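Following: one structure in structure tokens, then a few remarks.
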Amino acid sequence: MKEGEAPKSFLMDMTWQEFKQAAGPHAVVVIPLGSAELEGAHLPVGVDTIAAEGVARMLAGLENVIIAPTIPIGYSKWFLPYPGTISLEQETLLSLLRDYCLSLVRHGIKRIVFLNSHRGNNAAVEVTAHGLIDAHQIKVGMLNLWKLANDLISGQDIISEGRFTHAGEIMTSVIMALRPETVVSREIKAGQVRSPEGSAFRCRNSLGDAELNGVVQTLYLDIRQITDTGVMGDPTTASAEKGRRVLELLAAYARQYLSEFARL
18 MKEGEAPKSF LMDMTWQEFK QAAGPHAVVV IPLGSAELEG AHLPVGVDTI AAEGVARMLA
78 GLENVIIAPT IPIGYSKWFL PYPGTISLEQ ETLLSLLRDY CLSLVRHGIK RIVFLNSHRG
138 NNAAVEVTAH GLIDAHQIKV GMLNLWKLAN DLISGQDIIS EGRFTHAGEI MTSVIMALRP
198 ETVVSREIKA GQVRSPEGSA FRCRNSLGDA ELNGVVQTLY LDIRQITDTG VMGDPTTASA
258 EKGRRVLELL AAYARQYLSE FARL
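So this is what it looks like as structure tokens:
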């Protein structure tokens, strides 16, 4: 690095010597983690990956933070009936995450944070994290982007829906801000989660959350019983400006989280 130049943030842009220098005792490696799955007729299948990479770029330049290569495919098996979905088996994803992280640990990294935009990846991240902690006594964290977005917009006049929904206003707004050319505007339509006909169960999403008598538990169904399009909310009021505001909230919180994490 030349005198006066800012240090590089992205691992793939570094030489091995630059990475060795960056991998100090308080270095935090951020691993963006996404998916390829059904996201409605108006959004690309890479929504989760686009979002994770978009937030990661907003973290460039943060002290002690190294942004590692994105893992663009995760566990989305329940969406496989719909074309374009690509899913790893849980065992494959676990092996991938473990091998990826062990390479970093070998080179002295003691702090890893997954920037995860797909809930289907949570189980593999959790198992990987506890294995690394047990074997190597490192620190592992995870930022769940869409859950975080849902929490951060609460009480703010940004999103008309008022909460996160799959392929709904938040997701659509974020992609309008990051990759507007991928949005098929004429296909933006509201959708809803279907529940079993004649049943007292009320499904909330495609992941199995279902309400019965006011209590939410789990009911696993074929995705085709739940949605025809992947839209489980109302994206019709989405906009790039709303997306930028959501991204700013996400990045601001992520910076706070990573700064605190580096001190652990």
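Per the numbering used here, residue 18 is the first one in the sequence shown, and the count goes up by one each step.
Virtual Cβ for every residue (Gly too), placed ideally from N, Cα, C.
None of the values given here were measured: they were computed from a predicted structure.
For R241, the closest alpha carbon among the candidates T235, N222, A73, F278 is that of N222. Residue state for F36 is assigned as helix, using DSSP reduced to three classes. In this structure, the straight-line span from the alpha carbon of A23 to that of P197 is close to 30 angstroms.
Taking V82 as reference, the option from I48, T32, W95, G63 with the minimal CA-CA separation is I48.
Cβ-Cβ distances below 8 angstroms link E204 to G57, A58, H59 in the same chain, with the five nearest sequence neighbours on each side left out; the list follows chain order. Runs of the alpha helix (DSSP H) lying entirely within the region 64–127, each at least 4 residues long, are 64–75, 107–123 in chain order. For P98 and Y92, the gap between their C-alpha atoms comes out near 14 angstroms.
Residue burial is scored here from C-beta neighbours: T109 has fewer than 16 other C-beta atoms within 10 angstroms and is therefore classed as exposed.
The alpha-carbon of L119 is positioned some 13 angstroms away from that of K156. Membership of N161 in the beta strand (DSSP E) is indicated by the continuous run 156–161. Judged by beta-carbon spacing, T145 lies beyond the 8 angstroms limit of A207, meaning their Cβ atoms are not closer than that value. Here D174 carries a coil assignment [DSSP, helix/strand/coil]. By the Cβ test, the region 139–153 is not in contact with the region 209–220, since fewer than three Cβ pairs between them sit closer than 8 angstroms.
Per DSSP, L275 is one residue of the alpha helix (DSSP H) stretching across 257–278. When DSSP assignments are scanned along the region 216–245, the uninterrupted stretches of alpha helix (DSSP H) that are 4 or more residues long and fall wholly within it turn out to be 240–243. In the displayed model, P49 falls within a strand according to three-state DSSP.
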